[in-house]
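S.K.:
Protein chains in written order, with the numbering used here: chain A, 1 to 256; chain B, 1001 to 1256; chain C, 2001 to 2256; chain D, 3001 to 3256.
1) Note down, in chain order, every chain C residue with its Cβ under 9 Å from the Cβ of residue 3220 (chain D).
2) Compare the C-alpha of residue 123 (chain A) against each of A:225, A:130 and A:147 and name the closest.
3) On the three-pair Cβ rule with 8 Å, is the segment 3129-3148 of chain D touching the segment 2103-2116 of chain C?
4) Across which residues does DSSP place residue 3240 (chain D) in a beta bridge pair?
5) When burial is assigned at 16 or more other CB atoms within 10 Å of the CB, is residue 2055 (chain C) buried or exposed?
6) Assess contact between the segment 206-225 of chain A and the segment 3204-3211 of chain D, defined as three or more Cβ pairs (one per stretch) separated by less than 8 Å. Is contact present?
7) Specify whether the segment 3086-3096 of chain D and the segment 2071-2086 of chain C touch according to this definition: at least 3 beta carbon pairs, one from each stretch, less than 8 Å apart.
8) Under 7 Å: does the beta carbon of residue 1178 (chain B) sit that close to some heavy atom of the ligand FMN?
9) I'd like the span of the alpha helix (DSSP H) that includes residue 1133 (chain B), first residue to last.
10) Rounded to whole angstroms, what is the Cα-Cα separation between residue 3200 (chain D) and residue 3248 (chain D)?
11) Need the endpoints of the alpha helix (DSSP H) that residue 3060 (chain D) sits in, please.
12) Please classify residue 2186 (chain C): is it buried, with 16 or more other beta-carbons within 10 angstroms of its beta-carbon, or exposed?
13) Could I get the ranges of all uninterrupted beta strand (DSSP E) runs contained in the segment 47-131 of chain A, with 3 residues as the minimum, in chain order?
14) If distances are taken between C-alpha atoms only, which option among A:22, A:157, A:229 and A:219 comes closest to residue 241 (chain A)?
15) Just curious, the beta strand (DSSP E) that residue 1010 (chain B) is in, first and last residue?
16) According to DSSP, is residue 3190 (chain D) helix, strand or coil?
17) Going by C-alpha distance, which of B:1119, B:1078 and B:1107 is nearest residue 1098 (chain B)?
18) Drop a sphere of 10 angstroms on the beta-carbon of residue 211 (chain A), count the other beta-carbons inside from all chains shown, and report buried for 16 or more, exposed for fewer.
19) Residue 2207 (chain C) touches chain D at which residues, Cβ-Cβ below 8 Å?
20) Should residue 2174 (chain C) go down as buried or exposed, given a rule of 16 or more other Cβ atoms within 10 Å for buried?
21) Where DSSP assigns a beta bridge to residue 41 (chain A), which residues make up the other side?
22) Using the three-state DSSP reduction, which class does residue 2185 (chain C) fall into: helix, strand or coil?
23) So is residue 3200 (chain D) in contact with chain A if we call contact Cβ pairs under 8 Å?
24) To the nearest angstrom, how far is the alpha carbon of residue 2 (chain A) from that of residue 9 (chain A)?
25) Helix or strand or just coil, what does DSSP make of residue 3148 (chain D)?
26) In this structure, how does DSSP classify residue 202 (chain A) when only helix, strand and coil are distinguished?
27) Please name the residue or residues paired with residue 2252 (chain C) in a DSSP beta bridge.
28) Taking Cβ-Cβ distances shorter than 9 Å, what residues in chain D pair up with residue 238 (chain A)?
29) Counting only beta-carbon separations shorter than 8 Å, does residue 2063 (chain C) have a partner in chain D?
30) Thinking residue 63 (chain A) and residue 48 (chain A) are a contact (beta carbons under 8 Å), I'd like their distance in whole angstroms, please.
31) For chain B, is any of its Cβ atoms less than 8 Å away from the one on residue 120 (chain A)?
32) Within this structure, are the beta carbons of residue 1079 (chain B) and residue 1168 (chain B) separated by less than 8 Å?
33) Taking residue 2256 (chain C) as the query, report the chain D residues whose CB atoms sit under 8 Å from its CB, ordered along the chain.
34) How is residue 2165 (chain C) classed by DSSP in three states: helix, strand or coil?
35) Classify residue 3136 (chain D): buried if its beta carbon has 16 or more other beta carbons within 10 angstroms, exposed otherwise.
36) Please list the residues of the segment 1085-1100 of chain B that have a C-beta atom closer than 9 Å to any C-beta atom in chain A, keeping them in chain order.
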């Protein structure tokens, strides 16, 4: 069963080193970074999953998956990597239909993973103190067609959270402990708080603050991902490894 | 905003060591493991999130989250742990509405995580060669109210996969390489195959077979989770650590 | 070339699960833990490296190696494991002939590794506040024939270090930062300080104190050891893993 | 107690990023890499441990420690890192006075660590098939004053080992399994074999061969070292991490 690129849809072009580039077929002729000067209209009707040649490079054309979206996004701030987003989503028990809040939005990486988990009936509220981050993240979200699921607010999460009855709140700011009290107030009963922090001292202050509130199942994890290189010569862990991303602290609201 | 247990709903009772027990309020008076002899009807109307006393134990009552479902499930076979399920779901780009196939079903742990990710519009098809595993997993799924999203088939995935156009296929059997060819045929274009194997030799055979088919983005990962113990004395990694679960191999179908 | 057990020597008996028991052939008939009631004299003349039967158990007889000494020692306190002792010795550049100080002595595990590295011309000075630890460690050292290389002192290392010109000082106490100043004074120029601490907060206080003194090459490491299980079925990391031992901080004395 | 550089000795110059350069005070005026054009004679009489200025760079002068030797060595081949050398030495129970054999010599990194552990009464025998590696390693060893403890042989360890009664044999070649039989013959009773291999398949073939011989305590380890970054902002694992070095397999000779 073959499928073809439709007019108006956004496709992902994947090159031989698996770099990913998003192109909307309705866009005008232009220079597309990593691809070259093209009229995107020529993609319409091409068979999905096939390799095409553009200039002297080859690309597979596919409908974008969430991993494409996460890997193809343009970064201005440090992002929460997919490996950590995966743990956040499951450990916060995020489901389709949920309402979740994140602060800050950064480049929108976690935002994309959250939208993917709650759409089409759920929603993501994203706070950030910096409008440049919000603008940049929105640009990424629009390219993915995800902006309709996200409400951005130029707001400091340590000052207030006005939403109520949230299923989960994820805090990635330098002083997450200052948002704990607001988070408790805004979570539904049984809802999850998650904080992401690179430093142990941040974890310690946050856990101390969490323990002053009615939370259970308070846990802190570090997720280490090792890639295994499998070749004809044999198998070994990759020499190239990211030594650390951040610590994830989880907690769950109860009444007493 | 307080909420109360409704007649007919299934709640989770969480004890002080965070063990989890599922009780349907319509069930009859009986001995419930870990809880004692109770008439579940007495739970109706109690406030969610509050601690109650049953016998000489205390429990919080909550609506079950997916983590409750994963941690409260009864095991007969080795399960895929939530840490790996989280990676499988995101790296396979599984979204609400997707159709995914897993083999085997085991105790239904990955099944629960998959249902949570694709419900209410998606579906999970679960193959297993052993009817006792299917029966046990279905019991777990029924307790969670998840059975309606799952189609079980007493079938050997290395013999055939009859479904077509699947978004993702996850293989957790001793010889995943024997299912690779069927998986390619049954995946949609751009769909993901994932295999889970504890042994390097399994990974090697599987990757070799994957490379004979039209797959891209073939990667093998190991996820290591470390818990951090945060106490008033200070912070350190937990002494108690699971040294290994399994290697996750991912691949994505293209046409050529 | 065969060798035989000599009168007066201490041998190690290794059972099939590689538990290790030290026996001096001059000892009197007695019940030896893990071995049974034996007259050690019967071992004299037996061929080294051969399996013998005692009661219904089998043992290999060997001359003790340093790993035998480390694994066969009797513990009363938490020990520094061989994996960490190995790093301490090399990162402190300990050589045969060196004079090194450790505090506290604990069960004598690091002591044995240090003696092995500096003997026969070097020496180990061991401080401990607790005489019961010193007595216990000395019993272990005597069993190994190592007591002649060790000077024990019932002394608090945070109060004073009277030795001078030491090649290395290794501190394993709850408040290593209180010994840093004494350590600087007692090290030779270019000599190494090492502290071993399970908690991050201990590391932080110690590094802060070290930075007040003239030390260079200040580094903190964590060593994680994974055992690989190699069987006919294939290879995988061991499920059973110690998640944490302690952080090792190293620093090297300069003048200015 | 101050100490001064003596005529004829080799000192290490350590720059502010802890790069290390060896200079013999008897050497002639020349351009020394990383240091500049100097007449090494001017170092004589300077106080050890003090910072000196050469050109526009600053250096500490010290007597070389074994870590200086390991970090200052010039590489042409992939080296066994100090973290692994440390484990090899302790797990092989290497002591002052021992006779140990390594193959191949590579750049001489493990050689230096072994010399440090067995000198002055022990000896290291180093086999290598390539004379260019031997020549390069000897140059490193001479710079350290270590060449007198090392016997190099331009020989293939998979063909024969002529030495007998060795305390330990360490094999770092692509096909260590081909040296196992020779190793058993050349080890003393109770002596240790260690093989170092990056690939799982190498470990598997080696362990299979080891199991055909009379060895006990066969174990395979992987050592993962994480550096902790301790700063005024707080503490975290380093982002920069070497993901893999090699697997270490140990085994110990018995007679039966």
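Even glycine gets a Cβ: it sits at the ideal position worked out from N, Cα and C.
M.R.: Checking against the coordinates, here is how it stands:
1) Within the fourth chain, residue 3220 (chain D) is the residue found at index 220, counting from 1. Near residue 3220 (chain D) (Cβ distances below 9 Å), the residues of chain C are 2227, 2228, 2229, 2230 and 2235.
2) Residue 123 (chain A) sits at position 123 when you count from the first residue of the first chain. For the residues A:225, A:130 and A:147, the minimum Cα distance to residue 123 (chain A) belongs to A:147.
3) With the cut-off at 8 Å, the segment 3129-3148 of chain D and the segment 2103-2116 of chain C do not touch.
4) Looking up residue 3240 (chain D) in the fourth chain gives position 240. Its beta-bridge partners are A:242.
5) Translated into positions along the third chain, residue 2055 (chain C) becomes position 55. Per the 10 Å Cβ criterion, exposed.
6) Verdict: no, contact absent.
7) Yes, they touch.
8) Of ligands this structure carries none, so the ligand FMN is not represented either.
9) In the second chain, the residue the question calls residue 1133 (chain B) occupies position 133. DSSP places residue 1133 (chain B) inside the alpha helix (DSSP H), whose first and last residues are 1131-1144.
10) To locate residue 3200 (chain D), count along the fourth chain from 1; it is residue 200. To locate residue 3248 (chain D), count along the fourth chain from 1; it is residue 248. Each residue's Cα considered, the two are about 11 Å apart.
11) Residue mapping note: residue 3060 (chain D) aligns to position 60 of the fourth chain, counting from 1. Residue 3060 (chain D) -> not in any alpha helix (DSSP H); beta strand (DSSP E) instead, spanning 3057-3062.
12) Here the question's residue 2186 (chain C) lines up with position 186 in the third chain. Its Cβ being crowded by 16 or more others within 10 Å, residue 2186 (chain C) is buried.
13) Entirely contained in the segment 47-131 of chain A, the beta strand (DSSP E) runs reaching 3 residues are, in chain order, 51-54, 57-62, 99-103 and 123-128.
14) Taking the first residue of the first chain as 1, we reach residue 241 (chain A) at position 241. Comparing Cα positions, the closest option is A:229.
15) In the second chain, residue 1010 (chain B) corresponds to position 10, counting from 1. Note, residue 1010 (chain B): beta strand (DSSP E), 1010-1015.
16) Taking the fourth chain and counting its residues from 1, one reaches residue 3190 (chain D) at position 190. The DSSP-derived three-state label of residue 3190 (chain D) is strand.
17) For the purposes of this step, residue 1098 (chain B) is taken as residue 98 along the second chain, with counting starting at 1. The option with the nearest alpha carbon to residue 1098 (chain B) is B:1119.
18) Along the first chain, one-based indexing puts residue 211 (chain A) at 211. Looking at its Cβ environment, which holds fewer than 16 other Cβ atoms inside 10 Å, residue 211 (chain A) is exposed.
19) As a first step, residue 2207 (chain C) is located in the third chain; it is residue number 207 there, counting from the start. Those within 8 Å of residue 2207 (chain C) in chain D are 3230.
20) In the third chain, the residue the question calls residue 2174 (chain C) occupies position 174. With fewer than 16 other CB atoms across the displayed protein chains lying within 10 angstroms of its CB, residue 2174 (chain C) is exposed.
21) In the first chain, counting from the first residue as 1, residue 41 (chain A) sits at position 41. Beta-bridge pairing links residue 41 (chain A) to no other residue.
22) Here the question's residue 2185 (chain C) lines up with position 185 in the third chain. Three-state DSSP puts residue 2185 (chain C) in a helix.
23) Working through the fourth chain from its first residue, we reach residue 3200 (chain D) at position 200. Interface residue, yes.
24) Residue 2 (chain A) sits at position 2 when you count from the first residue of the first chain. Residue 9 (chain A) sits at position 9 when you count from the first residue of the first chain. Computed Cα separation, rounded: 17 Å.
25) Translated into the one-based positions of the fourth chain, residue 3148 (chain D) becomes position 148. Here residue 3148 (chain D) sits in helix by DSSP.
26) Against the first chain, residue 202 (chain A) aligns to sequence position 202. Here residue 202 (chain A) carries a helix assignment [DSSP, helix/strand/coil].
27) Here residue 2252 (chain C) is taken as the residue at index 252 of the third chain, counted from 1. Partner residues in the beta bridge of residue 2252 (chain C), as assigned by DSSP, are C:2192 and C:2216.
28) One-based indexing of the first chain puts residue 238 (chain A) at position 238. Here the neighbours are 3243 and 3244.
29) Mapped onto the third chain, residue 2063 (chain C) falls at position 63. It does; some Cβ of chain D falls within 8 Å.
30) Counting from 1 along the first chain, the entry for residue 63 (chain A) is found at position 63. Counting from 1 along the first chain, the entry for residue 48 (chain A) is found at position 48. That pair is a contact at about 6 Å.
31) For this step, residue 120 (chain A) is matched to residue 120 along the first chain. Interface criterion met: the Cβ of residue 120 (chain A) is under 8 Å from a Cβ in chain B.
32) As a first step, residue 1079 (chain B) is located in the second chain; it is residue number 79 there, counting from the start. As a first step, residue 1168 (chain B) is located in the second chain; it is residue number 168 there, counting from the start. Contact flag unset, no.
33) For this step, residue 2256 (chain C) is matched to residue 256 along the third chain. Here the neighbours are 3049, 3050 and 3051.
34) Taking the third chain and counting its residues from 1, one reaches residue 2165 (chain C) at position 165. In the three-state reduction of the DSSP assignment, residue 2165 (chain C) falls in the coil class.
35) Looking up residue 3136 (chain D) in the fourth chain gives position 136. Per the 10 Å Cβ criterion, buried.
36) Taking 9 Å as the Cβ-Cβ cut-off against chain A, the residues of the segment 1085-1100 of chain B that qualify are 1085, 1086, 1087, 1088, 1089, 1090, 1091, 1092, 1093, 1094, 1095, 1096 and 1097.
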